[in-house]
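Counting from 1, one number per residue, gives the positions in the sequence shown under my numbering.
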Amino acid sequence: MENDKNNGTEIQFYSSIKLGVVEMRRLLSVSILLILILTGCRSSPFGQHVVIDWVDFIKWKGKTYDGIYSGALADKTFIGEKLGEVKFKVADNVTNPEYKIRNGDAAFHEKGTEIFKIKGNPNLLAVKSSQAINGYKIYFSSDDIVYKWQFPDLPIEKVNRIEIYKAYVPDAPKPIAEIKNPEQVSLFLQILKSSQTSPNFQPNTVKGDPDTYHMVLFTGAPVAYMYDLHFDGNTYFWYPSEPSILSNDIQTFLPAN
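So, in structure tokens, the structure goes:
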């Protein structure tokens, strides 16, 4: 009789454990589902409005082309024939996170924006943009090639010219400095290579945001490599991967204010 009572207690105890595990699994599944739903979009607590954080893309002929954020068109002579036009801008128009991207969709370009080939590069597209260097923003097919415009990807021995632009200007970008002399190009690159990684660096913003410049490095390829240079009033720095401090010698390449 005592054994029967003990067995009943054990059965009840293990049943409780089993139910607890099932409940934990159910809650975990619900949590994962919520994470998947919330990833990539933001909504109000009442579910009345959803804001999707789009990446810069163009969908063209079944392939997705992503913006090259650390690259710029080297010269307009690389622009090929017109392929077509953007059919629909999804940003500001799509709030359904389950929206299926269609051919002709673009994240941020307006309907009618012209799309062009890049000569000899079937995995690249160019889109007219008044805010882009040389008047076109470049996209690569992320379905076919990997991103290859980070500083470690730069064929540094091929850099033959450098241009510097003031960032965030209202008009079309124009260079404020150009470096063509091979010795000066080499010196500039050495300053970049010798920068000191400083993961905990915080710029001085007492007098406002740091000044920002675009450094454009040309190698003869259609896409020039582009990196941002910052100055907070005391320190020159950039982000090749982590925050890195640059020698003040770099200021000799910038025009005096």
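Ideal placement from N, C-alpha and C gives every residue a C-beta, glycine not left out.
Here G112 is exposed: its Cβ has fewer than 16 other Cβ atoms, across all protein chains shown, within 10 Å.
Taking a contact to require three or more Cβ pairs closer than 8 Å, the stretch 141 to 156 and the stretch 226 to 242 qualify as touching. With respect to H109, S141 sits apart: the two C-beta atoms are not nearer than 9 Å. Of the candidates G135, W54, P222, I79, G135 places its Cα closest to the Cα of P175.
Comparing alpha-carbon positions, the option among Y99, D75, A91 lying closest to W54 turns out to be A91. In the DSSP secondary-structure assignment, K119 is not bridged to any residue. With contacts defined as CB atoms closer than 9 Å, V185 and V159 qualify as a contacting pair. The C-beta distance from K87 to G104 rounds to 3 Å, short enough to meet the 8 Å contact threshold.
Listed in chain order, the non-local C-beta contacts of T64 below 8 Å within the same chain comprise F57, I58, I101, S141, S142, D143, local neighbours out to five positions each way being set aside. The shortest CA-to-CA distance from S247 to any of I179, N181, L189 is the one to L189. Going by C-alpha positions, I156 is about 29 Å away from G233.
Here G67 is bridged, per DSSP, to Y139. In this structure, P182 is the residue among N121, S194, P182 with its C-alpha nearest to the C-alpha of F218. Of the candidates Y227, K166, Y236, the residue whose Cα lies closest to the Cα of I68 is Y227. The continuous alpha helix (DSSP H) containing I191 extends over residues 182 to 193. Residue pairing of A106 in beta bridges, as defined by DSSP: I58, K89.
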